[in-house]
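Participant:
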Amino acid sequence: MNPQLSTKYELQAREKRMSYRSYLEFMAERYHTSESFLTELNGSGIVSKLGPHTALKVPNIEPFLIEKLAEGRTYKRDEALSERTVIIDTTGRNLFVYEKGKAPKVPGAAVVVSEKDEDFAPQKLIAMFPITPGKVQFIHHGNWAVANCFELPSWSYDEQFLKTGKRSKDKSKVLRIPPGPNVPVGILWSGLTKSGIGIHGTSSPRTIGRSLSAGCIRLSNWDAARFPEIVRPGAKVVIR
């Protein structure tokens with residue numbers, strides 16, 4: 024825990040790890056919920072004194088075990104998982120994972136981007152996750168593929184890239200933010216064949232499905248941790 028963790032990137036770049044700021048934040052993410060809900064469920068008196076061995080009421084759900092992740096752990100291609108198709112509906116703000124077959128209509132999906140979509144032929148729905156898509160001007164519609172996937176990534180803060188979509192040539196203006204649950208890309212990075220764009224976690228799970236990112240596709244950290252169990256590099260990605 025690091026209660027003093029700054030919200031300023033300049034100071035975050037000096038940290039060794041982007042840890043949780045409180046036990047309440049840790050428990051909220053562990054049980055797929057918000058700090059405000061845990062406070063409502065348990066009362067402010069209990070959560071204000073929250074620490075090791077404190078009994079707490081939480082949602083009855085499989086916990087997100089961040090301690091099982093490893094910095095830099097990489098996921099390789101898989102005979103079955105790399106053959107799946109990911110459809111990202113930026114309008115409905117959902118990510119769908121399908122097996123091969125005849126392409127159905129995706130609930131809430133935008134119009135077909137390309138006739139080549141038929142090549143992906145998704146059929147059996149494997150999973151669906153709520154997402155935060157990129158801002159409209161930065162969304163890269165089209166057909167891509169998962170290029171890589173690894174746990175606990177660091178993140179490069181490039182103000183020019185976030186504003187314009189073009190990377191700064193002055194490396195002194197790029198800050199490296201260390202790994203951890205509170206790094207902006209969260210606990211997993213799954214890069215696409217479109218350079219600089221990926222599917223990743225978040226430092227703000229409360230914003231999933233409600234706001235816009237700079238250009239990538241954000242999942243909650245608990246969903247991001249499950250992603251490589253369902254999809255591996257080589258899988259096709261359609262951004263609509």
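Residue numbering for the sequence shown follows the working numbering, beginning at 24 and increasing consecutively.
The beta-carbon is built from N, C-alpha and C at its ideal position, and this holds for glycine as well.
Note that the structure is a prediction, hence the values are computed from the model and not measured.
Tell me which residues share the same chain as Lys-139 and place their Cβ nearer than 7 angstroms to its Cβ, disregarding the 5 neighbours each side in the sequence.
Facilitator: In this prediction, Lys-139 scores a pLDDT of 49, lower than 50, which makes its location untrustworthy; no coordinate-derived value is stated.
Participant: May I ask you to list the residues that DSSP assigns as paired with Ala-93?
Facilitator: Paired residue(s): none; Ala-93 is not in a bridge.
Participant: Less than 8 angstroms separating the beta-carbons of Arg-199 and Ser-179?
Facilitator: Yes.
Participant: By alpha-carbon positions, which one of Tyr-46, Ser-105 and Pro-204 ends up nearest to Ala-78?
Facilitator: Selected option, being the one with the closest Cα: Tyr-46.
Participant: Just how far apart, CA to CA, sit Arg-229 and Asp-246?
Facilitator: If you take the alpha carbons of Arg-229 and Asp-246, they lie about 13 angstroms apart.
Participant: Quick check on Leu-104: does DSSP put it in helix, strand or coil?
Facilitator: Here Leu-104 sits in helix by DSSP.
Participant: Taking the alpha helix (DSSP H) that Ala-247 belongs to, which residues open and close that run?
Facilitator: Per DSSP, Ala-247 belongs to the alpha helix (DSSP H) from 244 to 247.
Participant: Rounded to the nearest angstrom, what separates Met-50 and Arg-241 at their Cα positions?
Facilitator: Cα-Cα distance, rounded: 21 angstroms.
Participant: If you check the beta carbons only, do Val-109 and Val-197 fall under 8 angstroms apart?
Facilitator: Taking 8 angstroms as the Cβ cut-off, Val-109 and Val-197 do not qualify as a contacting pair.
Participant: Could you compute how far the alpha carbon of Leu-73 sits from the alpha carbon of Val-206?
Facilitator: Going from the Cα of Leu-73 to the Cα of Val-206 covers about 23 angstroms.
Participant: Tell me the residue span of the beta strand (DSSP E) that contains Lys-99.
Facilitator: Unbroken run through Lys-99: none, as it is neither H nor E.
Participant: Please go through the stretch 158 to 243 and give each complete alpha helix (DSSP H) segment of 4 or more residues, from N-terminal end onward.
Facilitator: Those alpha helix (DSSP H) runs which fall completely within the stretch 158 to 243 and span 4+ residues are 182 to 187.
Participant: Going straight from the alpha carbon of Ala-133 to that of Ser-213, what length do you get?
Facilitator: Caution applies to Ala-133, whose pLDDT of 41 falls short of 50 and renders its modelled position unreliable; the model cannot decide the point.
Participant: Where Thr-97 and Ser-59 are concerned, what is the direct C-alpha to C-alpha distance, given to the nearest angstrom?
Facilitator: Approximately 34 angstroms between the Cα atoms of the pair.
Participant: Which of the three DSSP states, helix, strand or coil, is assigned to Leu-73?
Facilitator: Three-state result, Leu-73: coil.
Participant: Report all residues from its chain with a CB closer than 8 angstroms to the CB of Pro-26; omit the five preceding and five following residues, and keep chain order.
Facilitator: Answer for Pro-26: Arg-44 and Ser-45, listed in chain order.
Participant: Would Glu-288 be called buried (16 or more neighbouring beta carbons within 10 Å of its own) or exposed?
Facilitator: The question about residue 288 has no answer, for the chain in this structure spans 24 to 263.
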